[in-house]
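*Asks:* Residue numbers (the working numbering): 22 to 403.
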């Protein structure tokens with residue numbers, strides 16, 4: 022039997038037809054930058070790079086698998102996945118595992134964090150709902166969508182896990198907005214937020230006193246916001262993270278100190294340097310020039326995702342791809358803002374850069390879903 026090299030090459034190529042090449046290339050470049058930075062950040066933590074490489078391999082397998090699943094099939098899993106995720110969140114609230122003062126995990130044979138499921142399940146559920154209501158949507162459909170969104174966000178915030186709650190809320194809100202919610206309804210909320218932030222900044226000396234209690238917020242959340250406004254008020258406590266990260270970013274200058282030559286990171290001044298604060302390590306070693314390259318990659322990632330969303334074949338695909346793409350933006354914006362000292366520290370990883378299997382796999386699943394939307398459009402055109 023003669024070996025047909027061309028037939029085998031065609032067969033291999035067909036296995037990767039689901040991959041959107043531009044999107045896959047951008048993700049690959051971000052992962053490369055992440056591994057290079059992680060290697061420097063974890064010189065004193067043997068095994069972290071190897072663990073991350075295994076996480077990346079698993080992520081690409083999941084990304085490939087989901088990219089080959091048609092969005093019409095994905096729709097069937099939206100309601101069951103959302104319901105399952107809510108059930109797990111309720112179970113966490115009732116008898117979850119508590120670590121470091123937070124009840125976020127549950128043992129179901131293996132220890133899982135259900136809030137990670139909701140980063141995908143919530144936008145999928147909302148996209149499914151608005152697909153079902155396509156052509157007959159009214160104002161109360163946006164109210165229903167908001168209720169669908171607030172249920173998991175409220176359960177996650179109560180754990181407490183403000184960072185994940187923000188990410189789930191943002192992903193769901195983008196679905197509602199892309200489904201047709203008028204921007205005029207969002208403007209008053211933005212104005213109220215600006216007024217609230219301005220008021221906190223103007224009266225921080227009074228409202229940040231220990232005896233003052235903030236409604237609807239835990240003491241540690243109040244302390245984070247007050248420390249953000251004045252990190253020097255607690256330089257060896259909550260303000261330490263922000264102060265050291267800003268010093269690292271500033272000391273990088275225009276071109277950086279060079280790979281593996283960052284003093285703040287290697288002298289252990291930057292906390293969580295391989296996870297939430299990896300941007301500080303990157304900025305110190307590669308400077309402003311490296312930061313511009315990294316931000317350009319993120320902008321290309323978002324631009325490609327929005328292009329796929331805009332050209333989706335169905336409303337479900339457009340809403341899902343659009344919301345997941347903007348979730349990438351939220352991840353990057355919150356993390357970089359947090360490390361730069363313009364947002365409170367909330368524990369949000371930098372997409373495809375921070376060490377961690379759970380967050381990376383969640384991002385890979387999201388990318389695979391976006392690629393699924395792109396593949397459906399290509400198949401319809403061929």
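Here a beta-carbon is modelled for each residue, glycine too, at the ideal position from N, C-alpha and C.
Does the separation of the CB atoms of residue 306 and residue 260 fall below 8 angstroms?
*Replies:* Translated into positions along the chain shown, residue 306 becomes position 285. Translated into positions along the chain shown, residue 260 becomes position 239. Not closer than 8 angstroms, so no.
*Asks:* Count the CB pairs spanning the stretch 351-365 and the stretch 185-198 that are closer than 8 angstroms, and state whether there are at least three.
*Replies:* As far as the Cβ criterion goes, the stretch 351-365 touches the stretch 185-198, which means the pair count is three or higher.
*Asks:* In three-state DSSP terms, what is residue 133?
*Replies:* Within the chain shown, the letter at position 112 stands for residue 133. Three-state result, residue 133: strand.
*Asks:* Please report the distance separating the alpha-carbon of residue 392 from that of residue 40.
*Replies:* Counting from 1 along the chain shown, the entry for residue 392 is found at position 371. Counting from 1 along the chain shown, the entry for residue 40 is found at position 19. Rounded to whole angstroms, residue 392 to residue 40 spans 6 angstroms at the Cα level.
*Asks:* For residue 179, collect the residues of the same chain with a Cβ closer than 8 angstroms to its Cβ; drop the 5 residues on either side in sequence, then sort them by chain order.
*Replies:* Looking up residue 179 in the chain shown gives position 158. If we look at residue 179 and ignore the five residues flanking it on each side, its Cβ neighbours are 114.
*Asks:* Given the structure, does residue 158 come close to the ligand SAM, in the sense that its CB is under 7 angstroms from one of the ligand's heavy atoms?
*Replies:* No copy of the ligand SAM appears in this structure; indeed no ligand is present at all.
*Asks:* DSSP three-state label for residue 171, please.
*Replies:* Your numbering for residue 171 matches position 150 in the chain shown. Helix.
*Asks:* Below 6 angstroms CB to CB, which residues in the same chain sit around residue 103 once its five sequence neighbours on both sides are set aside?
*Replies:* The residue you call residue 103 lines up with position 82 of the chain shown. Cβ neighbours of residue 103 beyond the five flanking positions: 142 and 146.
*Asks:* Tell me whether residue 123 sits in a helix, a strand or coil according to DSSP, three-state version.
*Replies:* Reading the chain shown from its first residue, position 102 is the one you call residue 123. Three-state result, residue 123: strand.
*Asks:* Evaluate residue 304 with the Cβ neighbour count: other Cβ atoms within 10 Å of its Cβ, from every protein chain shown; 16 or more gives buried, anything less gives exposed.
*Replies:* Counting from one through the chain shown, the residue named residue 304 turns up at place 283. When all chains shown are included, residue 304 counts as buried.
*Asks:* Between which two residues does the alpha helix (DSSP H) carrying residue 53 extend?
*Replies:* Taking the chain shown and counting its residues from 1, the one referred to as residue 53 is at position 32. Counting along the chain, the alpha helix (DSSP H) containing residue 53 begins and ends at 42-62.
*Asks:* Taking contact to mean 3 or more Cβ pairs, one atom from each stretch, closer than 8 angstroms, check whether the stretch 280-287 and the stretch 57-69 are in contact.
*Replies:* The stretch 280-287 is in contact with the stretch 57-69.
*Asks:* Excluding sequence positions up to five away, which residues of its chain have a Cβ less than 6 angstroms from the Cβ of residue 22?
*Replies:* Start at 1 with the first residue of the chain shown, and residue 22 comes out as number 1. Reliability of the predicted coordinates at residue 22 is poor, the pLDDT of 45 falling under 50, and the value obtained from them is presented with this limitation in mind. Nothing meets the Cβ criterion.
*Asks:* If I follow the unbroken alpha helix (DSSP H) through residue 357, where does it start and stop?
*Replies:* Here residue 357 is taken as the residue at index 336 of the chain shown, counted from 1. First-last of the alpha helix (DSSP H) with residue 357: 336-361.
*Asks:* Closest to residue 363 by C-alpha separation, out of 122, 263, 84 and 243, would be which residue?
*Replies:* Translated into positions along the chain shown, residue 363 becomes position 342. For the residues 122, 263, 84 and 243, the minimum Cα distance to residue 363 belongs to 263.
*Asks:* Within this structure, are the beta carbons of residue 386 and residue 46 separated by less than 8 angstroms?
*Replies:* Stepping through the chain shown from its first residue, residue 386 is reached at position 365. Stepping through the chain shown from its first residue, residue 46 is reached at position 25. Not closer than 8 angstroms, so no.
*Asks:* Could you work out which residue in 78, 247, 242 and 91 is closest to residue 229 when comparing CA atoms only?
*Replies:* Position 208 of the chain shown, counting from 1, holds the residue named residue 229. When only C-alpha atoms are compared, the closest one is 247.
*Asks:* Buried or exposed: where does residue 149 fall if 16 or more other Cβ atoms within 10 Å of its Cβ makes it buried?
*Replies:* Sequence index remark: in the chain shown, residue 149 carries index 128 (1-based). By the neighbour-count rule (16 or more Cβ atoms within 10 Å), residue 149 is buried.
*Asks:* How many angstroms separate the CA atom of residue 210 from the CA atom of residue 204?
*Replies:* Position 189 of the chain shown, counted from the start, is the residue given in the question as residue 210. Position 183 of the chain shown, counted from the start, is the residue given in the question as residue 204. If I take the Cα positions, the gap works out to 10 angstroms.
*Asks:* What ranges does the beta strand (DSSP E) occupy inside the stretch 59-122, keeping only unbroken runs of at least 3 residues that lie completely in it?
*Replies:* For the stretch 59-122, whole beta strand (DSSP E) runs of length 3 or above, ordered along the chain, are 118-120.
*Asks:* I need the boundaries of the alpha helix (DSSP H) containing residue 196, first residue and last residue.
*Replies:* Residue 196 sits at position 175 when you count from the first residue of the chain shown. That run of the alpha helix (DSSP H) goes 183-199.
*Asks:* Taking residue 109 as the reference, give the member of 161, 125, 95 and 119 with the closest Cα.
*Replies:* In the chain shown, residue 109 corresponds to position 88, counting from 1. Looking at the Cα atoms, 125 is the closest of the given residues.
*Asks:* In terms of alpha-carbon separation, which member of 301, 289, 276 and 316 lies closest to residue 268?
*Replies:* As a working mapping, residue 268 is identified with position 247 in the chain shown. Selected option, being the one with the closest Cα: 301.
*Asks:* Can you list, in chain order, the residues of its chain with a C-beta nearer than 8 angstroms to that of residue 222? Leave out the 5 residues immediately preceding and following it.
*Replies:* Position 201 of the chain shown holds residue 222. 250.
*Asks:* Looking at the strands, I want to know which residues DSSP matches up with residue 128.
*Replies:* Working through the chain shown from its first residue, we reach residue 128 at position 107. For residue 128, which the question treats as bridged, DSSP gives the partners 132.
*Asks:* Our contact map puts residue 369 next to residue 184 with C-beta atoms below 8 angstroms; I'd like the distance itself, whole angstroms only.
*Replies:* Working through the chain shown from its first residue, we reach residue 369 at position 348. Working through the chain shown from its first residue, we reach residue 184 at position 163. Confirmed, Cβ separation roughly 5 angstroms.
*Asks:* If you draw a straight line from the alpha carbon of residue 292 to that of residue 166, how long is it in whole angstroms?
*Replies:* For the purposes of this step, residue 292 is identified with residue 271 of the chain shown, where counting begins at 1. For the purposes of this step, residue 166 is identified with residue 145 of the chain shown, where counting begins at 1. Distance between the alpha carbons of residue 292 and residue 166 is about 38 angstroms.
*Asks:* Using the rule of at least 16 other Cβ atoms within 10 Å of the residue's Cβ for burial, across every protein chain shown, is residue 239 buried or exposed?
*Replies:* Taking the first residue of the chain shown as position 1, residue 239 is located at position 218. Exposed.
*Asks:* I'd like the list of long-range same chain contacts for residue 66, defined as Cβ closer than 8 angstroms, with 5 residues on each side in sequence excluded.
*Replies:* Looking up residue 66 in the chain shown gives position 45. Excluding positions up to five away in sequence, the list reads 295.
*Asks:* My guess is that residue 266 and residue 367 are in contact by the Cβ rule of under 8 angstroms, so how many angstroms apart are they, rounded?
*Replies:* Here residue 266 refers to the residue found at position 245 when the chain shown is read from its first residue. Here residue 367 refers to the residue found at position 346 when the chain shown is read from its first residue. With a Cβ gap of about 14 angstroms, residue 266 and residue 367 do not count as contacting.
*Asks:* Touching or not, the stretch 70-90 and the stretch 373-390, by the rule of three or more beta carbon pairs under 8 angstroms?
*Replies:* Because the criterion of three Cβ pairs below 8 angstroms is met, the stretch 70-90 and the stretch 373-390 touch.
*Asks:* Check each candidate in 129, 97, 330 and 334 and name the one with the smallest Cα separation from residue 345.
*Replies:* Here residue 345 refers to the residue found at position 324 of the chain shown. Checking every option, the nearest Cα to that of residue 345 belongs to 330.
*Asks:* Return the first residue and the last residue of the alpha helix (DSSP H) that residue 285 is part of.
*Replies:* As a working note, residue 285 is residue 264 in the chain shown. Residue 285 -> alpha helix (DSSP H) spans 284-287.
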